Amino acid sequence: MFPLLTPRTTPSPRAPHQRFTELVRAHITPRSPAQPPPPHHGLYHGEPPTCQRHLPTFLVIFAHLALLIALIRIYRIEGRALFNLGNLLLIAVPIHYLLPYHWKRPALAAFGLLALSGVFGPILTALVATAALTLLAIARANWPWSLRALTLIAIASTAALARAGLIPSPVPDLVWPVLASLVMFRLIIYMYELKHARHPEPLSDSLAYLFLPPNACFLHFPVVDYRTFCRGFLARDIHSIQRAGLAMMTRGILHLLLYRLVYHRLLIAPTDVHSPATLAIYLFTNYLLYLRVSGQFHLACGILHLFGYQLPETHHHYLLATGFTDYWRRINIYWKDFMVRVVFNPVVFRLKRWPRQAALLTATAIVFLTTWALHGYQAFWLRGSWGFSLPDALFWAILGSLVMVNVLHDARRKPAARAALLARTPKALALRSLKIAGTLTTICLLWSLWSSPSLAEWLALFQRAFA
Amino acid sequence: MNHLTQPTPAFLLGLALLLLGLLPTTGPGYLRATLRSLHSLEANRSDSDRHATGYYVGLIDGDPAGRDELTRHLIGKPSTFSNFAHIGASRFLPNDPLQFELIPNIHRPVASTLFTTNSLGQRDRPYHPAKPPNTLRILLLGASIDMGWGVDTEDTYENMLEDWLNHHAQLRRLHRRFEIHNLAMAAYSPLHRLHSFLRKGPSLQPDLVLIALNRLDLRLLQIHLVSLLQQGIDPGSPAVHSILAHAGLDPANPNTQQLDKESIKAQLQPLLPQLHDAILSELADHCRAAGLPLIALAIPRASENDSPDSRLPDLQRLASLTHRLHIPFVDLMPALDDEDPADVEIAPWDDHPNTHGHKLIFRLLAQQIVQSPHLYRLLFATDPIDLNALRTAATTSPQDHHHDQPQLPAPPPR
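As they're listed, the protein sequences go chains C and F. Everything in the first sequence is counted per the numbering used here, starting at 1220 for the first residue and increasing by one. Everything in the second sequence is counted per the numbering used here, starting at 2 for the first residue and increasing by one.
Dropping the structure here:
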């Protein structure tokens, strides 16, 4: 089933974006000198129980973190930027762990700035921080929401002209991608939240959200959702969150090592495709290059866990998708959530008077159109060129169409049929395997189209293979 | 809380990866090469091919034709590190197939090294233009590695070789000095090298020519020819002109000049090996006409991309070509095989050999000279001697030589 496509039979009294509650803050009691000392060791006065410190447990976690930093050093994973960040983590994580609850979020923002400074130097960091804080100040200004949004759009448009070199700018070239990496998506989500928020957002949350430490070395960064980010802060025992983060980081490192094996040892150039076998090798290994993205995202989100932020998985066994909606749900989950929240749900809500299937199809089509446009937008800010091409447009159009067909199919399928597919009978397993193989083959084909500079060169690949 | 102090599967996996990472990665073999690739930050060979990148690789690693500034920054490039193009050491030559050359008497700091040129516009020690008596003057034609990008002037394999030749001649009491004039320059294609030889060679009165070849030569040649064709400059080589004209690429034709870069590159792609052969053949003819011995050197980059498996087809092509042209071919590609690329590259974002890499290239070159009677006679005009005796003589020599001596191999079979 397409995410969040199931119509609610009993409408919630609150819109989806307003359903989140600050679970942690409910535990915080105001500081009062008259109150008795905290009942638990390892807690400052008034802290939530999930913040409770336990030195032996933390030392084990710290040893695991040191092991991962050693791996990053030995394998030179992602270069010096990540190694520098790793060294910073060895200092920042214990400090953050020991800091009182109220200081943790501002400290995260400070560590984010330190990480940026470690990679890009103090001058560039000062420029980026000034620009990002200015944008944040506009987003939080006491003006009507639409005026703030228009101001931000006007600033972004002017910056885009400068980024494209169409107007002169004294800003060093490196500032644009670094700044964009911090704000290009997060500011959209933040503004969306501000539009629907009933209360002002705390500044400490906003700063921590803006200056995420791993962003310094992963400029192509997962689109972390603001509300999920805030809600996940110490949402359960800190040690459990940190352990989950370490597991995520380990998975990320494993993905990045596998990527290197594929990239250096298995991947062949398209010009080396001369037979169906070499074509198959090319198609599969070309798709496996995505391990770099999943590895980086796991590492980035794993690092955020070390500071007490419990976040969802970024990818979930995307090679094992059984259909196109399933694929869309498993690969880059944060992007899918971003699209669902900012595009899909609002569109479906606006089309609530339409027949259900028509509304679903329209919303899905708009999601893919937006995804295509935003991938160009992302490429523009990070690399300076939009990268729109016929293969790019075809990729998103075909994938979107396949997902729409799948959405319709899933919507018509009865629950019993779905349960039968998940059964562990030989027939169900065989059917599931076939579906996985079919989905994987189709995605590999589509991915090779997306990677091709032109449609003619993509077709030539197959001509060479089957000539 | 106790369960939280137990080792997790992630911790055990991390330990396993740590052990794997500590295994030795140097040496030949598929397993070692695979382990090396786990440690490698380099771009692979197919990255030069736009097909193989795609959206995400382009987004993370930058332009497919080469990592951009942002990516290099993330890998660790300090802001003080300059590119060759930015240090102002070269000058443009308008309407000239040579296109650019080094400016004489340059002193530019590049990271922790000093980039210098002599009064003759060579990345080399100072030399007098006139050849001193009893001196064998050698010209080295090459590209950035041979120019010594990223190392000090004294640390290029060319200068180490010059020192060794002089030291060796002194040990053998030969009344002969050696000067190697380095005409190499960054981004010089084989056609640039031919023009550099024709332009600067005669006045230097050389006795021998070394041409350094590497696996980027075809790409450099493609870039050079695209530039010449777009500017309407004749390539200055009859053979090259003929091949291009046959393919409909005449630099004098305005239609060719108006072609976009990608179209010209696509048309040139299948012609590159043929063009390379023609240029080397023309250089060999010029040397033969001038009575100059020509020796080809295959120079490695400090990169996994020049590993034995990867380089084999290119190396076979070069060996076959030089064999056809009767040019002695010295394969120096194995010089860095036993090293982790990280130990011999100047930086993770730049696979030019560092000082240690140059030393290894020089050592292998010296060994090859000692092992090959033909090369030895070309240089020393005498037969190699018993090397054991030479080693004994070397240890008793009072002269303190600042470069490591090559491991002198066993005497060549007679």
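Here a beta-carbon is modelled for each residue, glycine too, at the ideal position from N, C-alpha and C. Bear in mind the structure is a predicted one, so any value in this text is a computation, not a measurement.
In the three-state reduction of the DSSP assignment, Ile181(F) falls in the strand class.
Within chain C, the residues Leu1465, Ala1466, Thr1469 have their CB atoms less than 7 Å from the CB of Ala11(F), given in chain order.
In this structure Thr1644(C) is exposed. Its beta-carbon is surrounded by fewer than 16 other beta-carbon atoms within 10 angstroms.
With a threshold of 8 Å between beta carbons, Pro1396(C) makes contact with chain F. Among the residues of chain F, none has a CB under 8 Å from the CB of Phe1503(C); the nearest is roughly 13 Å distant. Here Ala1540(C) is actually not in contact with Ile1617(C); their C-beta atoms are around 16 Å apart, not less than 8 Å. Comparing alpha carbon positions, the residue from Leu1530(C), Tyr1506(C), Glu1412(C), Phe1448(C) closest to Leu1465(C) is Leu1530(C). With a threshold of 8 Å between beta carbons, Thr35(F) makes contact with chain C. Taking the Cα positions, Arg37(F) is about 14 Å away from Leu1290(C). Those residues of the region 70-94 of chain F placed with their C-beta closer than 8 Å to a C-beta in chain C are Glu70, Leu71, His74, Leu75, Ile76, Gly77, Ser80, ordered along the chain. Taking 8 Å as the threshold, the shortest C-beta distance from Ile1585(C) to chain F does not fall below it. In the DSSP secondary-structure assignment, Glu346(F) is bridged to Pro354(F). For Ile1472(C), the nearest CB of chain F lies under 8 Å from its own CB, placing it at the interface with that chain.
Of the candidates Ile296(F), Glu346(F), Pro309(F), Ser190(F), the residue whose Cα lies closest to the Cα of Ile280(F) is Ser190(F).
Below the 8 Å Cβ cutoff, chain F contributes Thr9, Ala11, Phe12, Gly15 as neighbours of His1283(C), in chain order. Chain C places no beta carbon closer than 8 Å to that of Ser264(F), leaving this residue out of the contacts.
Close to chain F, meaning a Cβ-Cβ distance shorter than 9 Å, are the following residues of the region 1322-1338 of chain C: Val1338. For Ser38(F), the chain C residues whose Cβ falls inside 9 Å of its Cβ are Arg1479, Leu1480, Tyr1482, His1483, Arg1484, in order along the chain.
For Tyr1294(C), the nearest beta carbon of chain F is closer than 8 Å to its own beta carbon. Under the DSSP definition of a beta bridge, Phe93(F) partners with Phe101(F). DSSP places Thr154(F) in no alpha helix (DSSP H); its state is neither H nor E. Close to Gly1298(C), with beta-carbon spacing below 7 Å, are these residues of chain F in chain order: Leu42, Leu75, Ile76, Gly77, Pro349. With at least 16 other beta carbons inside 10 angstroms of its own, Tyr1428(C) counts as buried. With respect to the C-alpha of Ile1293(C), the residue from Thr72(F), Leu21(F), Gly30(F) having the closest C-alpha is Leu21(F).
A residue is called buried once 16 or more other Cβ atoms fall within 10 Å of its Cβ, and Ile1342(C), having fewer, is exposed. Assigned with DSSP and collapsed to three states, Arg109(F) falls in strand. Shown in chain order are the members of the region 331-364 of chain F whose Cβ falls below 9 Å from a Cβ of chain C: Ala343, Pro349, Trp350.
Cβ proximity to chain C below 8 Å picks out nothing from the region 126-160 of chain F. Sequence-ordered contacts of the region 1502-1533 of chain C with chain F read Asn1505, Leu1508, Tyr1509, Arg1511, Val1512, Gln1515 [C-beta pairs closer than 8 Å]. Of all residues in the region 1648-1665 of chain C, none places a beta-carbon less than 9 Å from a beta-carbon of chain F. Inclusion of Pro1432(C) and Ala1334(C) in the CB contact set at 8 Å is warranted, their separation being smaller than that value. The C-alpha of His327(F) lies about 55 Å from the C-alpha of Leu1304(C). Judged by DSSP in its simplified three-state form, Val1442(C) adopts coil rather than helix or strand. DSSP, reduced to helix, strand and coil, places Asp1424(C) within a helical segment of the structure shown. The Cβ neighbour count for Ala144(F), taken over all protein chains shown within 10 Å, is at least 16; the residue is labelled buried. Only residues of its own chain outside the window of five on either side were considered, and among them Leu219, Leu222, Gln223 have a CB closer than 8 Å to the CB of Leu273(F), listed in chain order.
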